[in-house]
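Input: a single structure, listed below in structure tokens.
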Amino acid sequence: MASALTIADVERIAALAQLELTADEKVLFTRQLADILAYAEQVQAIDTSGVPATAHVHAREGMERADEPRASLPVADALANAPDAALDAGLFRVPRVIGG
Amino acid sequence: MLDFPARAIRDDIAAGRISATEVCRASLARIESLNPSLNAFNHIAAGRALARAADVDRMRAGGAPLGPLAGVPVALKDNLCVRGMRTTASSKILDTFIPPYDATVVRRLEDAGAVIVGKTNCDEFAMGSSNENSAYGPVRNPWATDRTPGGSSGGSAAAVAARAAAAALGSDTGGSIRQPASFCGVVGLKPTYGRVSRYGLLAFASSLDQIGPLTRTASDAALLLGVLAGPDPADATASRHPVPDFTAALTGDVKGLRIGIPRGFVTDGVDEGVRRAFDEALDRLKREGASLIDVELPHARYAIPVYYLVATAEASSNLARYDGVRYGHRASGNGNLKEMYSQTRDEGFGAEVKRRIMLGTYVLSAGYYDAFYLKAQQVRTLLRQDYDAAFEKVDVVAMPTSPTPPFRLGEKTDDPLQMYLADVFTVSANLAGLPAISVPCGFSERLPIGLQLTGRLFDEATLLRIADAYQRVTDWHTQSPPV
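Going line by line, the protein sequences match chains A and B.
With my numbering applied, the first sequence covers 1 to 100.
With my numbering applied, the second sequence covers 101 to 583.
Here it is, written out as structure tokens:
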């Protein structure tokens, strides 16, 4: 699978990751990702039948705080870094979503 | 004056032998003079630092109690948020980002009296092992400016090594505190996962990331960890595990401690100079009364593939937030929303970040999830079990921090896989959540070498005790780089 990684695979992954790649980047990443995946394939030889997955080392430690209302970031502060914001309305502005 | 450890600086300020303002000026002058050659800082916070130092001097003059880091100049890796201070993670996509809040570690440092002198250069979003992935150019190693300082916290390590700051914070996802500490001849501590709040750290891989100190002595690392550690309502993964007095653990004595050595793992590809320094350091600890015991970590040789599958999967998710809407760069085209996203991310991210997002997206995608991502998580469990078994026989596990001394700038940039292999001895501790420290243990042709010790969960105290005892009988850490 990994050794057969193609430019079409790289284009598909780039689309999923919302990345626009140049033609050169596609060629380079196809080779480099194939190398890395071929190396990573060695994990598939390990017998893991019945072994639980570790997503997080302290998964069982309950560390939720009390569910009490608290102040959040003021809207003006949250908008301050936006490339395009409607400050008066308290909104982030984005390009057209549908059509165009 | 910046040759002294943080503890001595703080005590001299508290005793009135020197003012916090004088210390701050010395640190800023050193940063200004070195930055053209080392490029260790992305941002120098002179005005803010001098104001903070003046606060400390005023408090002292007024007889107010001073914190444990009063007047100590500290540098922060540029992926830690400081309210009002530009924070870029060395990425073009965050070139203009001004955080609206402080990271918890920043609040704790400043509450303890520390003076933040600036933000240090790093690999973009902490992804790298040489600091060459920074959008603002590589950091140079103070011991040899044609060499890398390691990464990703390369600027933090270089700043401490070059006596530009008494201490620095870094973040460590797969070795990003310990490997640069080793390359620059300083101490670097990755605490247990959950020991220190990650609130305000720009996330790379959330199940692996941990903030920790870079210092010249283990004793200073103990001082900083005591300030940084503890639960935080803003981070559900910050543990409520009790925080001991790390300084009290520094007994100077290693008698009876059992040091495990995974000899079957520390084999191929280890540089001769590294091996010699490693063996001599172990011999020294043995003469001080520790016992050396062989241990097996059968799955450690899979740690690199497991790490690069897990970390990139988490990164692909975490970095989805950089979309040109809420902060940072936005591409200037006239396209629709989707085109804006992909153009923004293409312009804003560097090659290594794109590679990792692509790899992570791939291993999480339908058809590959079980074979790569789930498999890696299962092997992660096996690796944890290896360490559990080892810690039934020993108190810590010793390895070199890096298989090689600092390599040359440009040496590995064309081959990402070779760069990943530089992390062979560091990634296991992140995957298992364990604390680990790198302490200077020698030189190979005037290039620093680090000894890495990994401990049980929440047992930073034993790591600090051994590293401190070792530094009491060695002088590697007192040597200064030629800058």
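Note that CB positions come from ideal geometry on N, CA and C, so glycine has one too.
Quiz item: What's the gap between the Cα of R263 (chain B) and the Cα of I7 (chain A)?
Solution: 48 Å
Quiz item: Alpha carbon to alpha carbon, what distance is there between D103 (chain B) and E545 (chain B)?
Solution: 23 Å
Self-check item: Exposure label - D368 (chain B); buried when at least 16 CB within 10 Å
Solution: exposed
Practice problem: Starting from D84 (chain A), find everything on chain E with Cβ-Cβ shorter than 8 Å and list it in chain order. | Solution: The structure shown has no chain E; the protein chains it does contain are A and B.
Quiz item: Does the distance from the CB of A154 (chain B) to the CB of A214 (chain B) come in under 9 Å?
Solution: no
Quiz item: Excluding five sequence neighbours on each side, which residues of the same chain lie with their C-beta closer than 7 Å to the C-beta of F444 (chain B)?
Solution: The amino acid at residue 444 (chain B) is misidentified as Phe; the sequence shows Thr. So the list reads D423, G424, H429, R430, A431, once near-sequence residues are dropped.
Quiz item: Count the other CB atoms within 10 Å of the CB of I98 (chain A); is the residue buried (16 or more) or exposed (fewer)?
Solution: exposed
Quiz item: Just to confirm, are L385 (chain B) and I359 (chain B) a CB contact at a threshold of 9 Å?
Solution: yes
Quiz item: Does I13 (chain A) come within less than 9 Å of chain B when only Cβ atoms are used?
Solution: yes
Quiz item: In three-state terms, what does DSSP make of I98 (chain A)?
Solution: coil
Quiz item: Which residues in the same chain as S538 (chain B) place their Cβ atom closer than 6 Å to its Cβ, once the five residues preceding and following it in sequence are excluded?
Solution: R278, A281, S282, G288, T501, G550, Q552
Quiz item: In chain order, what residues of the same chain lie with their CB nearer than 6 Å to the CB of R152 (chain B), ignoring the 5 residues before and after it?
Solution: V215
Self-check item: Among B:A120, B:D514, B:D523, B:M227, nearest to P506 (chain B) - alpha-carbon criterion
Solution: B:D523
Quiz prompt | Inter-stretch contact at 8 Å, needing at least 3 Cβ pairs: the region 461 to 468 of chain B / the region 409 to 420 of chain B | solution = yes
Quiz item: Considering only residues of the same chain and omitting the five flanking positions on each side of Q518 (chain B), which have a CB-CB separation below 6 Å?
Solution: K512
Practice problem: Using three-state DSSP, classify P581 (chain B) as helix, strand or coil. | Solution: coil
Quiz item: Given that D35 (chain A) touches chain B, what residues does it touch there, using C-beta distances under 7 Å?
Solution: L517
Self-check item: Supposed close pair G275 (chain B), N221 (chain B) - CB separation, criterion 8 Å
Solution: Contact doesn't hold; Cβ gap of about 17 Å is too wide.
Practice problem: List the endpoints of the continuous beta strand (DSSP E) containing N142 (chain B). | Solution: 141 to 144
Exercise. Would you tell me roughly how many angstroms separate the C-alpha atoms of A175 (chain B) and L21 (chain A), rounded to the nearest one?
Key: 36 Å
Quiz item: Starting from C541 (chain B) and walking both ways along the beta strand (DSSP E), at which residues does that stretch end?
Solution: 536 to 544
Quiz prompt | Three-state secondary structure assigned by DSSP to D488 (chain B) | solution = helix
Quiz item: Do you know offhand how far D77 (chain A)'s Cα is from V205 (chain B)'s?
Solution: 21 Å
Quiz item: Applying a beta-carbon distance threshold of less than 8 Å, which residues of chain A neighbour M458 (chain B)?
Solution: V10, I13, A14, A17, L19, F29, L33
Quiz item: Within the 9 Å Cβ cut-off, does L73 (chain A) reach chain B?
Solution: yes
Quiz item: Going by DSSP, what residues sit across from N241 (chain B) in a beta bridge?
Solution: B:A244
Quiz prompt | Inter-residue spacing [alpha-carbon to alpha-carbon] between E122 (chain B) and A266 (chain B) | solution = 14 Å
Quiz item: Do we get a CB-CB distance below 9 Å when we pair H58 (chain A) with the residues of chain B?
Solution: yes
Quiz item: Between G294 (chain B) and chain A, is there a C-beta pair that is closer than 9 Å?
Solution: yes
Self-check item: Cβ separation of F304 (chain B) and A226 (chain B), assumed to be a contact under 8 Å, to the nearest whole Å
Solution: 5 Å
Quiz item: Which two residues bound the contiguous beta strand (DSSP E) that contains M499 (chain B)?
Solution: 496 to 500
Quiz item: If you measure from the beta carbon of L557 (chain B) to each beta carbon in chain A, is any gap under 9 Å?
Solution: yes
Practice problem: Can you pull the chain B residues whose beta carbon is under 7 Å from the beta carbon of T54 (chain A), in chain order? | Solution: Q477, R480, T481, R484
Self-check item: Assumed close pair L459 (chain B), I36 (chain A) - CB separation to whole angstroms, cut-off 8 Å
Solution: 6 Å
Quiz item: In angstroms, rounded to a whole number, what distance separates the CA positions of A322 (chain B) and A149 (chain B)?
Solution: 24 Å
Quiz prompt | Limits of the unbroken beta strand (DSSP E) element including A268 (chain B) | solution = 267 to 272
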